[in-house]
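Asker:
Number of protein chains: 2
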Amino acid sequence: MFQACKDSTSRPTLQAMSRRRLLLLSNSTNYGEEYLRFPLSYIRNFLGESVKRVLFIPFAGVRMTYDDYAARVRERFDEIGYALDSIHEASDPLRALEEAEALAVGGGNTFHLLRGLYEANLLEAIRARVLKGMPYIGWSAGSNVACPTIKTTNDMPVVEPPSFNALALVPFQINPHYTDATVPNHNGETRAERLLEFIEANAEMTVVGLKEGSALRIEGSEIKLLGDKSLLVFRKGQEIAEYNPQDSLQFLL
Amino acid sequence: MFQACKDSTSRPTLQAMSRRRLLLLSNSTNYGEEYLRFPLSYIRNFLGESVKRVLFIPFAGVRMTYDDYAARVRERFDEIGYALDSIHEASDPLRALEEAEALAVGGGNTFHLLRGLYEANLLEAIRARVLKGMPYIGWSAGSNVACPTIKTTNDMPVVEPPSFNALALVPFQINPHYTDATVPNHNGETRAERLLEFIEANAEMTVVGLKEGSALRIEGSEIKLLGDKSLLVFRKGQEIAEYNPQDSLQFLL
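Those sequence lines, one after another, are chains A and B. Take 103 as the starting number for the first sequence in the working numbering and just add one per residue. Take 103 as the starting number for the second sequence in the working numbering and just add one per residue.
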């Protein structure tokens, strides 16, 4: 029933990745703003004028129907001139993917999203198309699954995917919605503590804490932080490092 | 290498469970208090005078050594008159479990804990001993693994256990550290939203949101909420329900 995503934790070579184009957003919606509002200029700039239609993957949605989710996203993509097809409407999802001009993978629950990708047998196909240059846009869970695994998600494991291995379109882990803030008078771990646990258990990995309102834009071997916030980099045996949008992030690739 | 925990998601019969004794704490430490301070009176009352030694499972610890973790817990158990052995010190963990008078499963990372239980082949053995009356104390992750699955943990999935199925010593799910509070000016899901996602994806399950400072004490078919806070019950198609320590919770079993 499930397809295993082979080698997804192995570090892809830069040469194999020379055609990848990724826009990985921390979140869909900034606090107090309209749904999927701030990413629109990034998306427009990333997709440009040659793309006309975008294929959407709604599998991270749990408490809304895929129809409702796709409608919500379609409204926004319409505003910036892109038609949107949702893969759940396709009679042949793999063929829809083969023919897609660009892919958008929405947020929600990362475990639900990854299980959906395995059930629909889409992981290898997405990876193959991205390696050949199909633009990939993800936000929140959609950015998490672009990483080698989903082990740095903030989501509750409400369903069990056959594996935590994901698309491995980048060699590092993203923690979306990164924040230093904590719930007042409460004793749960901070986000940094959780990521240091990850680093402890996965010593070879690098984690990027990506704050809300931020995105990473990756073109082949180039990478740039979008937005006006810093990002944090967690590596075993090193201090947590902070980088600003003008800093070079090439070391991540 | 791994042992599967068979039938762990099936609802145990009350008859098979008539000898179980469980103390399931939301957390080890209340905000601003000393480590493992508030649970001590509950633990003392639960274990009573016949128990002399407690076996500790430190597998939820990630960023401290098991030695350090056991030493920290041992200090507290000493205060209330119980010697503590840690299973990681045992030359034969299964035999240590067979001979244990009582078990304490500490908090930390739930995924790390469950993976450790699978790797040490302990799930069926713990379950068998609890069904025969060995007292089980858990806090945070240690309460999560007493449930049918770990799908209601708050922890980051920093390592991948072979399954989300856990001990199923109770037929419902606990969400430890339950809180209605959120991080200010931040757009992550609330705890209630996360649990409603779980209910949406697991319609047959009941979830108990257990606030910090609270515990559930279960003796056979009796269950009682300890502490001075309410708990919340999440069930598909029903309003979130609130119960106080004097209320009957028998419906949970």
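We treat Cβ as the ideally placed atom computed from N, Cα and C, and that holds for glycine.
(1) Strictly by DSSP, which residues pair up with residue 336 of chain A?
(2) Taking its Cβ as the centre, do 16 or more other Cβ atoms sit within 10 Å of residue 246 of chain B, making it buried, or is it exposed?
(3) Could you give the distance in angstroms between the alpha-carbon of residue 156 of chain B and the alpha-carbon of residue 205 of chain B?
(4) Closest by CA to residue 265 of chain A, which one among A:309, A:162, A:220, A:196?
(5) Cβ of residue 345 of chain A within 8 Å of Cβ of residue 333 of chain A?
(6) So who's on the other strand from residue 238 of chain A, going by DSSP bridges?
(7) Residues of chain A with a CB under 9 Å from the CB of residue 304 of chain B: which are they?
(8) For residue 132 of chain B, collect the residues of the same chain with a Cβ closer than 8 Å to its Cβ; drop the 5 residues on either side in sequence, then sort them by chain order.
(9) Going by Cα to Cα distance, which pick from B:330, B:272, B:296 is closest to residue 352 of chain B?
(10) Can you tell which of A:222, A:232, A:298 has its C-alpha closest to the C-alpha of residue 321 of chain A?
(11) When you compare only the Cα positions, how much space is there between residue 235 of chain B and residue 122 of chain B?
(12) Nearest-angstrom Cα distance between residue 338 of chain A and residue 303 of chain A?
(13) Assuming residue 172 of chain A and residue 158 of chain A are in contact, meaning their beta carbons sit under 8 Å apart, how far apart are those beta carbons, in whole angstroms?
(14) Please state the DSSP three-state secondary structure of residue 252 of chain B.
(15) Mind checking which residues open and close the alpha helix (DSSP H) that includes residue 277 of chain B?
(16) Using a Cβ cut-off of 8 Å (strictly closer), state whether residue 342 of chain A contacts chain B.
(17) For residue 132 of chain B, name the three-state secondary structure that DSSP assigns.
(18) Assuming residue 179 of chain B and residue 254 of chain B are in contact, meaning their beta carbons sit under 8 Å apart, how far apart are those beta carbons, in whole angstroms?
(19) Alpha carbons only, please: which of A:295, A:258, A:277 is nearest the one belonging to residue 308 of chain A?
(20) Between which two residues does the alpha helix (DSSP H) containing residue 159 of chain B stretch?
(21) Going by DSSP, what residue range makes up the beta strand (DSSP E) through residue 321 of chain A?
(22) I need the boundaries of the alpha helix (DSSP H) containing residue 180 of chain A, first residue and last residue.
(23) DSSP three-state call for residue 342 of chain B: helix, strand or coil?
(24) Tell me whether residue 267 of chain B sits in a helix, a strand or coil according to DSSP, three-state version.
(25) Quick one: measure Cβ to Cβ for residue 248 of chain B and residue 124 of chain B, integer angstroms, because I've assumed they're closer than 8 Å.
(26) Does any CB atom of chain A fall closer than 8 Å to the CB of residue 286 of chain B?
(27) What does residue 290 of chain A reach in chain B if we use C-beta pairs closer than 7 Å?
(28) Taking C-beta pairs closer than 7 Å, name the residues in chain A that residue 211 of chain B reaches, listed in chain order.
(29) To which residues does DSSP link residue 324 of chain A through a beta bridge?
(30) Can you give the Cα-Cα distance for residue 335 of chain A and residue 241 of chain A, rounded to whole angstroms?
(31) With 9 Å as the C-beta to C-beta threshold (strictly closer), list the residues of the stretch 213-239 of chain A near chain B in chain order.
(32) What are the start and end residues of each continuous alpha helix (DSSP H) run of 4 or more residues lying completely inside the stretch 208-235 of chain A, in chain order?
(33) Rounded to whole angstroms, what is the Cα-Cα separation between residue 347 of chain A and residue 310 of chain A?
(34) Take the Cβ of residue 275 of chain B as the centre, count every other Cβ of all protein chains shown within 10 Å, and call the residue buried at 16 or more, exposed below.
(35) When you check each C-beta in the stretch 158-181 of chain A against every C-beta of chain B, which residues fall closer than 7 Å?
(36) Helix, strand or coil for residue 188 of chain B per DSSP?
Answerer: So, from the listed chains and residues:
(1) Per DSSP, the beta bridge partners of residue 336 of chain A are A:309.
(2) Classification for residue 246 of chain B: buried.
(3) 6 Å
(4) A:220
(5) yes
(6) A:124, A:205
(7) Think of a sphere of 9 Å around the beta carbon of residue 304 of chain B: the chain A residues whose beta carbon falls inside it are 260, 261, in chain order.
(8) 139, 140, 314, 315
(9) B:272
(10) A:232
(11) Rounded to whole angstroms, residue 235 of chain B to residue 122 of chain B spans 5 Å at the Cα level.
(12) 9 Å
(13) With 8 Å as the limit, residue 172 of chain A and residue 158 of chain A qualify as a contact, their Cβ atoms being about 6 Å apart.
(14) Three-state result, residue 252 of chain B: coil.
(15) Looking at the DSSP string, residue 277 of chain B is not in any alpha helix (DSSP H); the run it does join, the beta strand (DSSP E), is 275-280.
(16) Chain B contact via Cβ: absent.
(17) coil
(18) That belief does not hold up - the Cβ atoms of residue 179 of chain B and residue 254 of chain B are roughly 27 Å apart, past 8 Å.
(19) A:277
(20) First-last for residue 159 of chain B: 155-159, but that is the beta strand (DSSP E), not the alpha helix (DSSP H).
(21) Unbroken beta strand (DSSP E) run through residue 321 of chain A: 317-321.
(22) From DSSP, the alpha helix (DSSP H) with residue 180 of chain A extends over 168-181.
(23) coil
(24) In the structure shown, residue 267 of chain B adopts extended strand secondary structure according to DSSP, grouped into three states.
(25) 6 Å
(26) yes
(27) 256, 279
(28) 299
(29) Note: residue 324 of chain A is bridge-paired with A:321 in the DSSP secondary-structure output.
(30) 19 Å
(31) 213, 214
(32) Whole alpha helix (DSSP H) segments, 4+ residues: 212-221, 225-233.
(33) 13 Å
(34) buried
(35) In summary, the residues of the stretch 158-181 of chain A whose CB is separated from some CB of chain B by less than 7 Å are 164, 165, in the order they occur in the chain.
(36) strand
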